[in-house]
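S.K.: Numbering (this note's numbering), first residue to last: 34 to 162. We treat Cβ as the ideally placed atom computed from N, Cα and C, and that holds for glycine.
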Amino acid sequence: MSIDLIKSVYYELSSYFIPKKIKYKIEGECNKCGNCCREIRAEGLRNEKELKFMQLIFPHYKRFFITGKDENNNIILSCKYLNNNGECSVYDNRPKLCRDYPKKSISLNLAMPDGCGYKVIKKEFKDYL
Ligand code: SF4
Ligand code: SF4
């Protein structure tokens, strides 16, 4: 098992049990483009075998399937519940990781999907005063 895969398991688990430490502020709003459900960069996951491992531990990952790889060799996922209008077809029952998106935690990758209406701004020291 790779270190990155262990980190992915840790981050997923910690999102349930460790209170979020806000490090970013997020501005803007969702324009319902659907790209965050269509092009999910699965940081730390490299292949089908690792995705299957995550699906075994976290059954809500079973909704995701691989569509490609990013420049860092992470797999890119899409969700089978995204409908043709770019909407979530299970919105009221979507998992925590979808409800929390975009996360304001330290693990948030600063890059948002293309076309996203949100902008992530790293907080400065003065923001905590
Ligand atoms: S990528 Fe951003 S704007 Fe598009 S659906 Fe997701 S959160 Fe909304
Ligand atoms: S369950 Fe809904 S919100 Fe979550 S990734 Fe799938 S389509 Fe998007």
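First and last residue of the beta strand (DSSP E) that includes L110?
M.R.: Where L110 is concerned, the enclosing beta strand (DSSP E) stretches over I108 to C112.
S.K.: Identify whether Y44 lies in helix, strand or coil by the three-state DSSP scheme.
M.R.: In the structure shown, Y44 sits in a helix (DSSP, three-state: H, G or I).
S.K.: Below 8 Å on the Cβ atoms is my guess for C70 versus C121; work out the distance and round it to an integer in Å.
M.R.: Indeed, because the Cβ distance is near 7 Å, the residues count as touching under 8 Å.
S.K.: Using the C-alpha atoms, what's the distance from N105 back to M87?
M.R.: Roughly 19 Å separates the two Cα atoms.
S.K.: Based on Cα-Cα distance, which residue from G61, V42 and Y124 lies nearest to K152?
M.R.: With distances taken between Cα atoms, K152 lies closest to G61.
S.K.: Give a single yes or no on whether Y151 has its beta carbon closer than 6 Å to a heavy atom of ligand 3.
M.R.: Absence of ligand 3 from the depicted structure is noted, with ligand 1 and ligand 2 being the only ligands included.
S.K.: Given N68, which residues of its chain have a CB within under 7 Å of its CB, disregarding the five upstream and five downstream residues?
M.R.: Answer for N68: P146, D147, G148 and C149, listed in chain order.
S.K.: Short check: CB of D37 to CB of G77, under 7 Å?
M.R.: In contact: D37 and G77 (Cβ atoms closer than 7 Å).
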